[in-house]
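Q: Structure incoming, see below.
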């Protein structure tokens, strides 16, 4: 996610500060933390979050110093200070954002439809999010949602919801000018009548939090007793989003947050602060304008991306959405066995165009994190994608299957045939090698399910 680039730069600076050091010391730990502290404040992370994060990392890193010295009796330990430090940072980032939000549980048919209530300020993206969430439930859980236009004060919002419903082939229930509480009650009866198993209430917003809005939302909650209440927050507004979340959390039993515009170039402070400040998790992240541009929020995966470790799980999941099931199954099996040749890489690169472009996914691929900022520009990302494809196309079938045989002479031929340079060919080979290493680590950890442990050996 591009919005975490400011934070990611801080962690890269910290690791660079430890490069060449033979051990962690109080002095170099403090030096590394300066870069992180500055980047967190630049990213508009809540002050209390920054303080807690820095203090915890410092305490654990110093504890590591004591442990290593005791273990080796004061001798120089063969430990990479950068890796140890980043491992500690990863754990703390995950702790700040996590743990993982509980998976959604749906009502049994006898208990009626599962009710999901979306709340938030005007302009946060509630209506669009309602459509995205409906599609996500249809595609990932085979649910049949009913969209409810409960923002009776804005006919445009209801009209927008109807357009989204038509695109999704999902029914929309609304009563313009009616009472919001009565509309939501009537929607429950309509959902049962139509045999829908999920109801999504798109409620009204305000330009700012006020008592009138909160009272109305409380009445809807009391009347409908929704299983889930999600606050939709605009991640671009930084600390204002955190303050809004705190205000809503005081009046409503929030289940979690849906952060919109996470594909933007905002600083990411809100996303890193939400859980710590309110205690409620981030459940989903909106990553674009299209209806499929929403994904479940996984703290461990986001921490991996921020720290440049990649996110192969999300990459595989996105690939599975745009290729047929048979191809996805074949690729998953090869990855699980640690087999990943240039043909596989080429197939995934081509799918990236359908998944938001190379820039959007660069943070998920080991070896491309440093280039993510440059690739965030769509044109540049597409150009890089074309070059990568051309280089693989210039390889012989044997070279694509066994990249290890590509020597200096072959590199020159591949570069000339693809209109690129030997340096670019080297970068491609390094990227493939690092992805292959990641696949082997996944296999050793017991498949994709063990990816959460993978960072421990990186």
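Numbering (the working numbering), first residue to last: 528 to 985.
Think of the CB as a built atom: it goes at the ideal place given N, C-alpha and C, for glycine as much as any other residue.
The model shown is predicted, which means the values in this text are computed figures rather than measured ones.
(1) Would you kindly work out how many angstroms separate the C-alpha atoms of residue 727 and residue 944, rounded to a whole number?
(2) Could you round the C-beta distance between residue 771 and residue 736 to whole angstroms and report it? I think they count as a contact, below 8 Å.
(3) By how many angstroms is the C-alpha of residue 568 removed from the C-alpha of residue 625?
(4) Would the beta-carbon of residue 766 fall within 8 Å of that of residue 796?
(5) Output the boundary residues of the alpha helix (DSSP H) element that contains residue 787.
(6) Does the Cβ of residue 547 have 16 or more other Cβ atoms within 10 Å, making it buried, or fewer, making it exposed?
(7) For residue 645, tell me which candidate among 811, 536 and 634 has the shortest Cα-Cα distance.
(8) Given a cut-off of 8 Å on the beta-carbon distance, is the pair residue 572 and residue 800 in contact?
(9) Output needed for residue 755: all residues of its chain with C-beta closer than 6 Å, excluding positions within five of it in sequence on either side, in chain order.
(10) Can you name the start and end residues of the alpha helix (DSSP H) that residue 640 belongs to?
(11) Select from 751, 618 and 959 the residue whose C-alpha is nearest the C-alpha of residue 927.
(12) Take every Cβ of the region 552 to 565, pair it with every Cβ of the region 532 to 544, and state whether three or more of those distances are shorter than 8 Å.
(13) Quick one: Cα of residue 720 to Cα of residue 640, how far?
(14) Could you check the C-alpha separation between residue 831 and residue 627 for me, to the nearest Å?
(15) From this set, 531, 697 and 681, which residue's C-alpha is nearest residue 674's C-alpha?
(16) Rounded to a whole number of angstroms, what is the C-alpha to C-alpha distance between residue 608 and residue 588?
(17) Based on DSSP bridge pairs, tell me the residues matched to residue 823.
(18) Have a look at the DSSP bridge pairing and note the partners of residue 987.
(19) Got a sec? Which residues, its chain only, sit under 6 Å from residue 659 by beta carbon, not counting five neighbours each side?
(20) Contact check, residue 677 vs residue 730 under 8 Å by CB: the rounded distance?
(21) Tell me whether residue 757 is buried or exposed, calling it buried when 16 or more other Cβ atoms sit within 10 Å of its Cβ.
(22) Please tell me whether residue 759 and residue 664 are closer than 8 Å, where the distance is taken between their beta carbons.
(23) Going by DSSP in three states, residue 676 sits in which element: helix, strand or coil?
(24) How about residue 826 and residue 629: are their beta carbons less than 8 Å apart?
(25) For residue 648, tell me which candidate among 803, 916 and 744 has the shortest Cα-Cα distance.
(26) DSSP has residue 700 in a bridge; who is on the other side?
(27) Determine whether the beta carbon atoms of residue 623 and residue 873 lie at a separation below 8 Å.
(28) With distance defined between alpha-carbon atoms, name the residue in 668, 707, 774 and 533 nearest to residue 749.
A: Quick answer:
(1) Looking up residue 727 in the chain shown gives position 200. Looking up residue 944 in the chain shown gives position 417. Approximately 54 Å, taken between the alpha carbons.
(2) Residue numbering aside, residue 771 sits at position 244 when the chain shown is read from its first letter. Residue numbering aside, residue 736 sits at position 209 when the chain shown is read from its first letter. At roughly 6 Å, the Cβ-Cβ gap stays under 8 Å, so residue 771 and residue 736 are in contact.
(3) Taking the first residue of the chain shown as position 1, residue 625 is located at position 98. Taking the first residue of the chain shown as position 1, residue 568 is located at position 41. Using only the alpha carbons, I get a separation of about 20 Å.
(4) Taking the chain shown and counting its residues from 1, the one referred to as residue 766 is at position 239. Taking the chain shown and counting its residues from 1, the one referred to as residue 796 is at position 269. Yes. Within cutoff.
(5) Taking the chain shown and counting its residues from 1, the one referred to as residue 787 is at position 260. It is not in any alpha helix (DSSP H) - residue 787 instead sits in the beta strand (DSSP E) that spans 783 to 787.
(6) Counting from one through the chain shown, the residue named residue 547 turns up at place 20. Exposed, since its Cβ has fewer than 16 Cβ neighbours within 10 Å.
(7) Numbered from its first residue, the chain shown carries residue 645 at position 118. Cα-wise, what sits closest to residue 645 is 811.
(8) Residue 572 sits at position 45 when you count from the first residue of the chain shown. Residue 800 sits at position 273 when you count from the first residue of the chain shown. Yes; because the gap between Cβ atoms is below 8 Å, this pair is in contact.
(9) Walking along the chain shown from the start, residue 755 turns up at place 228. Here the set comprises 643 and 782.
(10) Along the chain shown, one-based indexing puts residue 640 at 113. Element bounds for residue 640: n/a, residue is neither H nor E.
(11) The residue given as residue 927 occupies position 400 in the chain shown. Among 751, 618 and 959, the Cα nearest to that of residue 927 belongs to 959.
(12) Cβ pair count under 8 Å is three or more, so yes.
(13) Taking the chain shown and counting its residues from 1, the one referred to as residue 720 is at position 193. Taking the chain shown and counting its residues from 1, the one referred to as residue 640 is at position 113. In a straight line, the C-alpha of residue 720 is about 11 Å away from that of residue 640.
(14) On the chain shown, residue 831 is found 304 positions in, with the first residue counted as 1. On the chain shown, residue 627 is found 100 positions in, with the first residue counted as 1. If I take the Cα positions, the gap works out to 14 Å.
(15) Counting from 1 along the chain shown, the entry for residue 674 is found at position 147. It is 697 whose Cα lies nearest to the Cα of residue 674.
(16) One-based indexing of the chain shown puts residue 608 at position 81. One-based indexing of the chain shown puts residue 588 at position 61. The alpha-carbon atoms of residue 608 and residue 588 are separated by roughly 10 Å.
(17) Against the chain shown, residue 823 aligns to sequence position 296. In the DSSP output, where bridge partners are listed per residue, residue 823 has 811.
(18) The structure shown does not extend to residue 987, since the chain is modelled only from 528 through 985, so no value can be given for it.
(19) In the chain shown, residue 659 corresponds to position 132, counting from 1. Same-chain partners within the cutoff: 818 and 821.
(20) Counting from 1 along the chain shown, the entry for residue 677 is found at position 150. Counting from 1 along the chain shown, the entry for residue 730 is found at position 203. So it is a contact: roughly 5 Å between Cβ atoms.
(21) Mapped onto the chain shown, residue 757 falls at position 230. Burial call: buried.
(22) For the purposes of this step, residue 759 is taken as the residue at position 232 of the chain shown. For the purposes of this step, residue 664 is taken as the residue at position 137 of the chain shown. With respect to the 8 Å criterion, residue 759 and residue 664 are not classified as neighbours on the basis of their beta carbons.
(23) Locating residue 676 in the chain shown gives position 149, where the first residue counts as 1. In the displayed model, residue 676 falls within a strand according to three-state DSSP.
(24) Indexing the chain shown from 1 puts residue 826 at position 299. Indexing the chain shown from 1 puts residue 629 at position 102. No; because the gap between Cβ atoms is not below 8 Å, this pair is not in contact.
(25) Counting from 1 along the chain shown, the entry for residue 648 is found at position 121. For residue 648, the nearest C-alpha among the options comes from 744.
(26) Counting from one through the chain shown, the residue named residue 700 turns up at place 173. For residue 700, which the question treats as bridged, DSSP gives the partners 675.
(27) Your numbering for residue 623 matches position 96 in the chain shown. Your numbering for residue 873 matches position 346 in the chain shown. Inclusion of residue 623 and residue 873 in the CB contact set at 8 Å is not warranted, their separation being larger than that value.
(28) The residue you call residue 749 lines up with position 222 of the chain shown. It is 707 whose Cα lies nearest to the Cα of residue 749.
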